[in-house]
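Novice: Count the sequence shown with the UniProt record's numbering and you get residues 1 to 354, in order. Even glycine gets a Cβ: it sits at the ideal position worked out from N, Cα and C. Just dropping this structure here.
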Amino acid sequence: MNTQIVPDAATCPACLAEMNTPGERRYRYPFINCTHCGPRFTIIRAMPYDRPFTVMAAFPLCPECDSEYRDPYDRRFHAQPVACPSCGPHLEWRSQYERAEKEAALQAAVAQLNAGGIIAVKGLGGFHLACDARNDNAVAMLRARKHRPAKPLAVMLPTAQTLPSAARSLLTTPAAPIVLVDKQYVPSLSEGIAPGLTEVGVMLPANPLQHLLLQALNYPLVMTSGNLSGKPPAITNEQALDDLHDIADGFLLHNRDIVQRMDDSVVRDSGEMLRRSRGYVPDAIALPPGFRDVPPILCLGADLKNTFCLVRGEQAVVSQHLGDLSDDGIQAQWREALASDPVNLRFYPRAYRL
1 MNTQIVPDAA TCPACLAEMN TPGERRYRYP FINCTHCGPR FTIIRAMPYD RPFTVMAAFP
61 LCPECDSEYR DPYDRRFHAQ PVACPSCGPH LEWRSQYERA EKEAALQAAV AQLNAGGIIA
121 VKGLGGFHLA CDARNDNAVA MLRARKHRPA KPLAVMLPTA QTLPSAARSL LTTPAAPIVL
181 VDKQYVPSLS EGIAPGLTEV GVMLPANPLQ HLLLQALNYP LVMTSGNLSG KPPAITNEQA
241 LDDLHDIADG FLLHNRDIVQ RMDDSVVRDS GEMLRRSRGY VPDAIALPPG FRDVPPILCL
301 GADLKNTFCL VRGEQAVVSQ HLGDLSDDGI QAQWREALAS DPVNLRFYPR AYRL
């Protein structure tokens, strides 16, 4: 089926180069994007996919951005999330002792991480909890505060140079998933990252803000989901401040809303998919022969590790990973996704499956 919506995509080389070039309008701008990269599915409120029906409606275009948006020869032609420091979203830092905005907010977050602290970082589809992945004390403190004593923690690396080529290839795709690799390739990590395991999940920066953080720090960060154990990940600033105040020493926020929660995808270095979410959803999956004449079906999924699935013709659209439905908050996110996805994808089921 033609979803008419593409997944969120990792920062493209052109935007990364522009962000790192002094004198450019978007120099060090943490929300740079173009038609090749940036938020997509996570910012859509309704169809058609036009700016007024996304969270970017709250940010009227400045004359320069409007000119790029209307120029068919510009790489930002009809890029719905287009923005710049003059007209777009901005960062905010909040901690018990300090508040800051824009570049000062980023520097405050860097200082907190360098001091061994834990921060909550708002991304494209939710929040991460971050700390120095080499620091045994910081990792142990994160585990204690999050009540996550043993489950492995994902790590964001500044570079993939030491990793096998298969892992590098996956990490540098527009999907930018977490890839499981042997621990020997990342020897500097704290033993508390993945205790008792031979593999660790690693990823590269997938959005401009993450690039700016890793460029400033130049060391690996724990990047684990921003939630209490068993609870849904936060997607609003208010929810994050309320849920995570006993975990995070500070919050790196922004004022671009998140509509769709979107966790990080996880794959093996062989390409085997373990969790299909950011970067892949809502792309359709081709089904084997025999589905052509099947009526549109909505498959609701299991109560554990839930995803739901829309089947039409010879294709299926699997939802983002939503998690264990025993929690009321995750159930609420499941209902919201279940209400919005079929409408946005113009999918009208004639049969249901549990």
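In the DSSP assignment, find the beta strand (DSSP E) that holds S265 and state where it starts and stops.
Specialist: Careful: S265 lies outside any beta strand (DSSP E) and carries neither H nor E.
Novice: For my contact list, I258 and G126 are in at a C-beta cut-off of 8 angstroms; report their separation, rounded to the angstrom.
Specialist: Contact flag correct, Cβ pair sits at about 7 angstroms.
Novice: Once the 5 residues before and after A140 are set aside, which same chain residues still bring their CB inside 7 angstroms of it?
Specialist: Counting only Cβ-Cβ distances below 7 angstroms, and skipping sequence neighbours, we find G192.
Novice: Flag Y97 as yes when its Cβ comes closer than 7 angstroms to any non-hydrogen atom of the ligand ZN, and as no otherwise.
Specialist: With respect to small molecules bound, the structure shown includes none, and the ligand ZN cannot be examined in it.
Novice: By DSSP's criteria, residue 407 is part of a beta bridge. Which residues make up the other side?
Specialist: Any property of residue 407 remains undetermined from this structure, which presents the chain solely from 1 to 354.
Novice: What separation, rounded to the nearest whole angstrom, lies between the Cα atoms of Y27 and T11?
Specialist: Answer to the nearest angstrom: the Cα atoms are 14 angstroms apart.
Novice: For a quick check, are the C-beta atoms of F308 and G301 less than 8 angstroms apart?
Specialist: For F308 and G301, yes; Cβs fall inside 8 angstroms.
Novice: Taking the alpha helix (DSSP H) that C15 belongs to, which residues open and close that run?
Specialist: Here the alpha helix (DSSP H) through C15 covers 13–19.
Novice: Give me, in chain order, the residues of the same chain whose beta-carbon lies closer than 6 angstroms to that of residue 361; leave out the 5 immediate sequence neighbours on both sides.
Specialist: This structure cannot settle anything about residue 361, because the visible part of the chain is limited to 1 through 354.
Novice: Considering only DSSP beta bridges, list what N306 is partnered with.
Specialist: Answer by DSSP bridge pairing, in chain order: G323.
Novice: Should residue 405 go down as buried or exposed, given a rule of 16 or more other Cβ atoms within 10 Å for buried?
Specialist: Here the chain covers residues 1 to 354 and nothing more, so residue 405 does not appear.
Novice: Output yes or no for whether 8 angstroms exceeds the beta carbon distance between residue 400 and P149.
Specialist: Nothing about residue 400 can be read from this structure; the chain reaches only from 1 to 354.
Novice: If you measure from the beta carbon of L221 to each beta carbon in chain D, is any gap under 8 angstroms?
Specialist: Looking for chain D here will not work: only one protein chain is present.
Novice: In or out: I285 buried (at least 16 other Cβ within 10 Å) or exposed?
Specialist: I285 comes out exposed.
Novice: Do you know offhand how far residue 355's Cα is from S229's?
Specialist: The requested residue 355 does not occur in the structure, where the chain is confined to residues 1 to 354.
Novice: Apply the 10 Å Cβ neighbour rule to V6 and answer buried if 16 or more other Cβ atoms are within range, or exposed otherwise.
Specialist: V6 comes out exposed.
Novice: So, for P81: in the same chain, excluding its five sequence neighbours on each side, which residues have a beta-carbon less than 6 angstroms away from its beta-carbon?
Specialist: Closer than 6 angstroms at the Cβ level, and outside the excluded window around P81, lie N33, G38, P39, M56.
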